[in-house]
Amino acid sequence: MADAPKPAKIATFGVRFESYDDFLVEYTDNLRRGFLLLPGVRSLEVNQPVRVKLSLPNRAILYLSGTAVDLGADGGKGTLIQLAAFTAEQERIFGLCVNSVLDASTSPKAEPPPTRPLNVLLVDDSPSVRTEMAAALRERGLNVTTADNGLMAISAALKSEPDLLLTDVEMPEMDGWTLLRMARGRKKLAHVPIVFLTALSDDMSRLQGYRMGVDDYLPKNLSADEIVARLQGVVARRAGLGAAENRGLRGDLQHVRLGSVLSFLEAEKKTGDLRLESGQDSAVLRLVQGVLRDVKNLGYAASAIDRVFDLLGWEAGQFEFFTLEPREMHDLSLEPMSITWLLMEHARREDEANETARRERLLMSELASQSGSFDQDL
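Numbered by our numbering, the letters in the sequence shown go through residues 2 to 379 in order.
Printed below as a string of structure tokens:
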């Protein structure tokens, strides 16, 4: 009886577009028709499966799969890949990149807005903190006014709108949480970035803050230079988003772990897309009624579950949740998958990996000890 043919090995490649012009040429020649040219690649076989990490000029990354169909494309200089059908999310990202090409070619470059010092309203009930931090920020070119509680801060902000509110959380008369609610409830202040000065370590408290509209969290012991850099980054992000673009839950994975975000979305039975970015890597988790139903951009993971476990290990990056209507739910590739089960399984695997590492360290220590004893005997 003849042996069954072995499945062809999956080949992996990375393709990077350094400019929008390079992308435009490949998009019009191949990508829009569902193909991709791998320049300089001549080692594949016909119908060999291929996975490609595609780095677009707008810094988005797509993970595509397909099969080799033409080994002598581009005059024998490369291999043409027929790609699997694009998902809705991949189509969206390609569309954004194409629009960027059009914008770059038709829109005149705007002059950068004139730079001016940030106007910061610093809120803290401690006179020493107000004095020392205000002085440090002023030395670095910021305009700083101060208030000793949330009530005074709201009054000051209504009289003269600041570029940013930098506030303590625990204060008498009106704490930071109440200040946050009052600011977000007023049209004049709804768009003003708010940063909490706090040592909050509870993920759910931080998540609640993001849900209510906190833009960032800073520890009070952070250096003045880093505080200024973080404040400037917050203001720049807010300016880029615009008040109308502030769609919902958004935050930093350094402050809130992904597991806590997913637990919250499961408990609230949310439906929509959780978009995750870390450096040049990105992924989208689609939830329906708090249950995972799809994972976009698997990266090099073998399955959607493995990709989720990979994402749960991210220690830095940004998350943002976009609510969707049930009628917008399509391309659901997974059977309903419980977030609780995923988190428990991830914890179990982490425990197993840690235990294996501990045993390996113990074994290496014992071997080193035995080797030392042997040397002494000699």
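No residue lacks a Cβ here, since even glycine has one placed at the ideal position from N, Cα and C. Every value quoted in this text rests on a predicted model; they were computed, and no experiment measured them.
Enclosing beta strand (DSSP E) for residue i [first to last residue]
| i | result |
| --- | --- |
| Gly73 | 62 to 73 |
| Ala148 | 144 to 148 |
| Val170 | Premise fails: Val170 is in no beta strand (DSSP E) and is neither H nor E. |
| Val42 | Val42 -> no beta strand (DSSP E), and no H or E assigned at all. |
| Met196 | With the sequence shown as reference, residue 196 is identified as Val, and Met is not the correct amino acid for it. Residues 195 to 198. |
Cβ-based neighbour list, residue i, same chain, cut-off 6 Å, excluding 5 preceding and 5 following
| i | result |
| --- | --- |
| Arg287 | Asp274, Arg294, Asp295 |
| Gly15 | Lys54 |
| Thr68 | Asn48, Pro50, Gln83 |
| Thr146 | Leu122 |
| Glu278 | Gly318, Gln319 |
| Leu138 | Val145 |
Residue i - partner residues in DSSP beta bridges
| i | result |
| --- | --- |
| Pro50 | Thr68 |
| Gln319 | Asp253, Glu278 |
| Tyr301 | Its beta-bridge partners do not exist; DSSP assigns none. |
| Ser56 | Arg17, Ile62 |
| Met338 | Leu293 |
| Ser283 | Glu278 |
| Gly273 | Leu288, Thr324 |
| Thr80 | Leu39 |
| Ala12 | Val51 |
| Val124 | Ala148, Thr168 |
Through-space distance from residue j to residue i, alpha-carbon basis
| i | j | result |
| --- | --- | --- |
| Asp307 | Ala61 | 21 Å |
| Ser334 | Arg239 | 34 Å |
| Glu140 | Ala86 | 56 Å |
| Ser264 | Phe95 | 31 Å |
| Lys188 | Glu162 | 12 Å |
| Leu97 | Asn59 | 9 Å |
| Ser224 | Glu133 | 12 Å |
| Ile195 | Arg258 | 21 Å |
| Phe197 | Arg359 | 39 Å |
| Gln57 | Leu39 | Note that residue 57 is Leu in the sequence shown here, rather than Gln. Cα to Cα, the separation comes out at about 15 Å. |
| Leu364 | Glu356 | 12 Å |
| Arg117 | Leu266 | 40 Å |
| Ala302 | Leu232 | 36 Å |
| Asn144 | Val193 | 16 Å |
| Tyr211 | Asp22 | 38 Å |
| Pro113 | Gly142 | With a pLDDT of 44 at Pro113, under the threshold of 50, the modelled position of this residue cannot be trusted, and the question is left open. |
| Ala89 | Ala237 | 30 Å |
| Gln255 | Gln91 | 27 Å |
| Ile340 | Ser283 | 19 Å |
| Gly314 | Asn100 | 33 Å |
| Val70 | Val262 | 42 Å |
| Asp352 | Val235 | 37 Å |
| Gly300 | Ala12 | 14 Å |
| Val130 | Val229 | 16 Å |
| Ala268 | Met338 | 14 Å |
| Ala136 | Glu336 | 57 Å |
| Glu326 | Leu63 | 25 Å |
Chain-order list of residues whose beta-carbon lies under 8 Å from that of residue i (same chain, five-residue window excluded)
| i | result |
| --- | --- |
| Ser370 | none |
| Met330 | Thr272, Arg287, Val289, Arg294 |
| Leu37 | Val16, Glu27, Asn31, Val53, Leu55, Leu65, Gly67, Leu81, Ile82, Leu84 |
| Ala159 | Ala is not the amino acid found at residue 159; the sequence shown has Leu there. These residues qualify, in order along the chain: Arg187, Lys189, Leu190. |
| Gly309 | What sits at residue 309 in the sequence shown is Val, not Gly. The residues are Leu286, Leu293, Val296, Leu343, His347. |
| Gly35 | Gln83, Leu84, Ala86, Phe87 |
| Gly41 | Lys78, Gly79 |
| Asp311 | Gly300, Ala302 |
| Glu19 | Pro58 |
7 Å CB neighbourhood of residue i in its chain, flanking five on each side removed
| i | result |
| --- | --- |
| Leu72 | Arg43, Leu45, Val47, Thr80 |
| Gly280 | none |
| Lys110 | Any reading at Lys110 is ruled out, since the residue's pLDDT is 44, under 50, leaving its predicted position unreliable. |
| Met213 | Leu181, Arg182, Arg185 |
| Gly260 | Leu313, Leu344 |
Limits of the alpha helix (DSSP H) - the one that residue i falls within
| i | result |
| --- | --- |
| Gly260 | 259 to 268 |
| Ile155 | 151 to 160 |
| Pro118 | Looking at the DSSP string, Pro118 is not in any alpha helix (DSSP H), and its letter there is neither H nor E. |
| Leu219 | Taken as a continuous stretch (DSSP letters only), Leu219 belongs to no alpha helix (DSSP H), being part of the beta strand (DSSP E) at 217 to 219. |
| Leu181 | 177 to 185 |
ask   = Is the stretch 150 to 158 touching the stretch 171 to 188 in the sense that three or more CB pairs, one from each, lie closer than 8 Å?
value = yes
inquiry  = Below 8 Å, how does it come out for the stretch 250 to 263 and the stretch 317 to 326: are there three or more Cβ pairs, yes or no?
reply    = yes
inquiry  = Assess contact between the stretch 181 to 193 and the stretch 161 to 172, defined as three or more Cβ pairs (one per stretch) separated by less than 8 Å. Is contact present?
reply    = yes
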